[in-house]
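J.: Sending over a structure as structure tokens; questions will come in a sec.
Number of protein chains: 2
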Amino acid sequence: MSDDKLLDAIIAQTKLTKKQTDKQQKIVETAIKLFAEKGYANTSTSEIAKAAMVAEGTIFRHYGTKDNLLLSVILPFIKDSIPTMAEEVFTEIMSKNVGCFEDFLRALLKNRLHFINENREIFQIVVKELLYNDELRKELLPFFADNILHRITKVINTYKDRGELIDIPSHTIQRMIFTLIGGYFVSRFVLQLDNCDIDEEAEIENLIRFIMDGLRKQ
Amino acid sequence: MSDDKLLDAIIAQTKLTKKQTDKQQKIVETAIKLFAEKGYANTSTSEIAKAAMVAEGTIFRHYGTKDNLLLSVILPFIKDSIPTMAEEVFTEIMSKNVGCFEDFLRALLKNRLHFINENREIFQIVVKELLYNDELRKELLPFFADNILHRITKVINTYKDRGELIDIPSHTIQRMIFTLIGGYFVSRFVLQLDNCDIDEEAEIENLIRFIMDGLRKQ
DNA sequence: ATAATAAGTGAGTAATTACTCACTTATTAT
DNA sequence: ATAATAAGTGAGTAATTACTCACTTATTAT
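Top line first, the protein sequences correspond to chains X and D.
Be aware that the first sequence starts at 1, since it is given in full-length UniProt numbering, and climbs by one per residue.
Be aware that the second sequence starts at 1, since it is given in full-length UniProt numbering, and climbs by one per residue.
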């Protein structure tokens, strides 16, 4: 509870006041780069200061603690982008294509792919710290669940009612889609396993085909 | 090259000589526990020493560096268990059930589930460090590829020849299976997202059904 | 123009880090 | 039994860590 207040305060400050100094911006920029590259625990504040060409004290003037810097990097991204995006995505996709589930899936996948492509580094940080940092995981996972998963479940239910989807629990379906798409993004953007010989469009279509119809012939 | 020699030496030493001291065993045990819990970077050697009730010097007597301790924990597990297991799994599974691909998948999944269940902590360490530690990733990923993936590709090709599987590139199929099963294991054993309301047997069957036939009704 | 506030600095600090080394104690080979 | 070797110790060390604080410089409000 008190934690949430603090975090909300950080976000409010970062968003509302808006007047980030040049140095402040440089610090966050550099922190994102280094955290993504080497992980939070392997990046020292002195390293960030040097790379951002700023006195180490400046970091602590603005962010107080190293932990706070991480949160200032991650949380605005999460708490701002995700829900807004989610809202946008789901309403837009659902209204535009009243088409089949496959079309919904394709739109969702392309949208997310584009989004993560634009935010590779923060995605890398979030994934790494989600595994490494217990506190952060406990903070973020429920947030994901509340904002993303229940929306997907809704959509799945809609299509299930239309008789387009098989009859297993919605949250199981949602979980498998999430695992597959999430796994695809992680292997591509975090592990950077490049599948160089196949183009992206084809890869997406393969993924969708797999999700829709599985591996069995016919 | 020189790295590989060193690592092989570590493994040879740990395996062949076999005469691990009580203290040595305690150190490795404790390191596994702490690395799994808090991650390598967040665990200090003094912490390990204290928890293992050993002088800090003893750790360095045996392992030389902290990095080496990590390798001594991970590599014997990887380089020993994985190939042996893989061999075992693939020959056994393939000879016993000359059945359909679904049966192969079921056997593989259950086998791996059992294996990881028995080695939760090391699995946690490997996954975490695979994302966090560039060096280790570069060392391990090719090893995985050589030992596991090409075997799966072989099996997939067999079943493709029998006309049981759809006609997309084998390595794409293999990658999607790996992503899905890997993602399932990670979400379960590392993120520890518990799906408390469904029993394991049913969950596995859902997973297999999804892989085989996808989400589309009929 | 001036006062008040915020931004920025960098030397300094206590704590912690991985690691060493001279030494003692246990184990093994003879 | 004795010598040789390996295992174990813990005080010590240089480097690094996150963070502080007295101070200077820039920005804003009046």
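Even for Gly, the Cβ is constructed at its ideal location relative to N, Cα and C.
With a Cβ-Cβ cutoff of 9 Å, do residue 153 (chain D) and residue 203 (chain X) count as a contact?
T.: For this step, residue 153 (chain D) is matched to residue 153 along the second sequence. For this step, residue 203 (chain X) is matched to residue 203 along the first sequence. In this structure, residue 203 (chain X) does not lie closer than 9 Å to residue 153 (chain D) by Cβ.
J.: Return the residue from the list D:216, D:210, D:175 and D:186 that minimises the CA-CA distance to residue 198 (chain X).
T.: Along the first sequence, one-based indexing puts residue 198 (chain X) at 198. Of the candidates D:216, D:210, D:175 and D:186, the one whose C-alpha sits nearest the C-alpha of residue 198 (chain X) is D:175.
J.: Cα separation between residue 49 (chain D) and residue 40 (chain D)?
T.: Numbered from its first residue, the second sequence carries residue 49 (chain D) at position 49. Numbered from its first residue, the second sequence carries residue 40 (chain D) at position 40. So the alpha carbons of these two residues sit roughly 14 Å apart.
J.: Could you check whether the Cβ of residue 169 (chain X) sits closer than 9 Å to any Cβ belonging to chain D?
T.: Locating residue 169 (chain X) in the first sequence gives position 169, counting from the first residue. So, interface residue.
J.: Can you pull out the residues from the segment 148–164 of chain X whose beta carbon lies closer than 8 Å to at least one beta carbon of chain D?
T.: Hits within the stretch, in order: 163 and 164.
J.: Should residue 65 (chain D) and residue 51 (chain D) be called a contact, given that it needs their Cβ atoms to be closer than 9 Å?
T.: As a first step, residue 65 (chain D) must be located in the second sequence, where it is residue number 65. As a first step, residue 51 (chain D) must be located in the second sequence, where it is residue number 51. Not a contact, by the Cβ cut-off of 9 Å.
J.: If you drop the 5 nearest sequence neighbours on each side, which residues of the same chain put their C-beta closer than 6 Å to that of residue 170 (chain D)?
T.: Translated into the one-based positions of the second sequence, residue 170 (chain D) becomes position 170. Once the five neighbours on either side are set aside, the close Cβ partners of residue 170 (chain D) are 153, 156 and 157.
J.: Kindly provide the ranges of any alpha helix (DSSP H) runs that are 4 or more residues long and lie completely inside the segment 22–105 of chain X, ordered along the chain.
T.: If we require 4 residues or more, the alpha helix (DSSP H) runs fully inside the segment 22–105 of chain X come out as 22–38, 45–52, 56–63, 66–75 and 82–96.
J.: Mind listing, in chain order, the continuous alpha helix (DSSP H) runs of no fewer than 4 residues lying wholly within the segment 124–187 of chain D?
T.: If we require 4 residues or more, the alpha helix (DSSP H) runs fully inside the segment 124–187 of chain D come out as 134–144, 150–161 and 170–185.
J.: Tell me whether the beta-carbon of residue 214 (chain D) lies closer than 9 Å to the beta-carbon of residue 217 (chain X).
T.: The residue given as residue 214 (chain D) occupies position 214 in the second sequence. The residue given as residue 217 (chain X) occupies position 217 in the first sequence. Not a contact, by the Cβ cut-off of 9 Å.
J.: Please report how far the alpha carbon of residue 26 (chain D) lies from the alpha carbon of residue 190 (chain X), in whole angstroms.
T.: The residue you call residue 26 (chain D) lines up with position 26 of the second sequence. The residue you call residue 190 (chain X) lines up with position 190 of the first sequence. Approximately 34 Å between the Cα atoms of the pair.
J.: Mind checking residue 92 (chain D): buried by the 16 CB within 10 Å criterion, or exposed?
T.: In the second sequence, counting from the first residue as 1, residue 92 (chain D) sits at position 92. It counts as exposed.
J.: Out of D:37, D:95, D:80 and D:22, point me to the one whose CA is closest to residue 59 (chain D)'s CA.
T.: As a first step, residue 59 (chain D) is located in the second sequence; it is residue number 59 there, counting from the start. Minimum Cα distance to residue 59 (chain D) is reached at D:22.
J.: Is residue 210 (chain X) close to chain D, meaning its C-beta is less than 9 Å from at least one C-beta of that chain?
T.: Counting from 1 along the first sequence, the entry for residue 210 (chain X) is found at position 210. Answer yes: the Cβ-Cβ gap between residue 210 (chain X) and chain D drops below 9 Å somewhere.
J.: Using Cβ-Cβ distances below 9 Å, what residues of the UniProt domain "HTH tetR-type" (21–81) of chain D are close to chain X?
T.: Those would be 37, 38, 39, 40, 41 and 42, in chain order.
J.: Measuring CA to CA, which of D:46, D:53, D:38 and D:63 is closest to residue 20 (chain D)?
T.: On the second sequence, residue 20 (chain D) is found 20 positions in, with the first residue counted as 1. When each option's Cα is compared against that of residue 20 (chain D), the closest is D:63.
J.: How far does the alpha helix (DSSP H) with residue 213 (chain D) in it reach, from first residue to last?
T.: Residue mapping note: residue 213 (chain D) aligns to position 213 of the second sequence, counting from 1. It spans 200–213 - the alpha helix (DSSP H) in which residue 213 (chain D) sits, taken as one unbroken run.
J.: Taking all protein chains shown into account, do 16 or more other C-beta atoms lie within 10 angstroms of the C-beta of residue 36 (chain X), making it buried, or fewer, making it exposed?
T.: On the first sequence, residue 36 (chain X) is found 36 positions in, with the first residue counted as 1. Buried, since its Cβ has 16 or more Cβ neighbours within 10 Å.
J.: Which chain D residues sit within Cβ distance under 7 Å of residue 217 (chain X)?
T.: As a first step, residue 217 (chain X) is located in the first sequence; it is residue number 217 there, counting from the start. Near residue 217 (chain X) (Cβ distances below 7 Å), the residues of chain D are 163, 164, 165 and 166.
J.: Would you call the segment 69–88 of chain D in contact with the segment 117–132 of chain D, where contact means no fewer than 3 C-beta pairs closer than 8 Å?
T.: The segment 69–88 of chain D is in contact with the segment 117–132 of chain D.
J.: Is the Cβ of residue 89 (chain X) closer than 9 Å to any Cβ of chain D?
T.: By 1-based counting over the first sequence, the position of residue 89 (chain X) is 89. Not an interface residue.
J.: Can you list, in chain order, the residues of the segment 126–144 of chain D whose Cβ is nearer than 9 Å to any Cβ on chain X?
T.: For the segment 126–144 of chain D, which is checked against every Cβ of chain X, the residues closer than 9 Å are 127, 128, 130, 131, 132, 133, 134, 137 and 141.
J.: Looking only at C-alpha atoms, which of D:181, D:183 and D:146 sits nearest to residue 86 (chain D)?
T.: As a position in the second sequence, residue 86 (chain D) is number 86, starting the count at 1. The option with the nearest alpha carbon to residue 86 (chain D) is D:146.
J.: Kindly list the residues whose CB is nearer than 6 Å to the CB of residue 205 (chain D), restricted to its own chain and excluding five residues on each side of it in sequence; keep chain order.
T.: Along the second sequence, one-based indexing puts residue 205 (chain D) at 205. If we look at residue 205 (chain D) and ignore the five residues flanking it on each side, it has no Cβ neighbours.
J.: Can you name, in chain order, every residue of its own chain whose Cβ lies under 8 Å from the Cβ of residue 102 (chain D), other than the five neighbours on each side?
T.: Against the second sequence, residue 102 (chain D) aligns to sequence position 102. Excluding sequence neighbours, residue 102 (chain D) sits near 208 and 212.
J.: Which bits of chain X does residue 180 (chain D) rub up against, with CB to CB less than 8 Å?
T.: As a position in the second sequence, residue 180 (chain D) is number 180, starting the count at 1. Correct list: 176, 179, 180 and 183.
J.: Taking just the CA atoms, how far does residue 56 (chain D) sit from residue 182 (chain X)?
T.: Position 182 of the first sequence, counting from 1, holds the residue named residue 182 (chain X). Position 56 of the second sequence, counting from 1, holds the residue named residue 56 (chain D). The straight-line gap from Cα to Cα measures roughly 41 Å.
J.: Measuring only the C-alpha atoms, how far is residue 45 (chain X) from residue 71 (chain D)?
T.: Reading the first sequence from its first residue, position 45 is the one you call residue 45 (chain X). Reading the second sequence from its first residue, position 71 is the one you call residue 71 (chain D). If I take the Cα positions, the gap works out to 28 Å.
J.: Going along the chain, which residues of its own chain have a beta-carbon closer than 8 Å to the beta-carbon of residue 186 (chain X), five neighbours each way excluded?
T.: The residue given as residue 186 (chain X) occupies position 186 in the first sequence. Only 127 meet the Cβ criterion.
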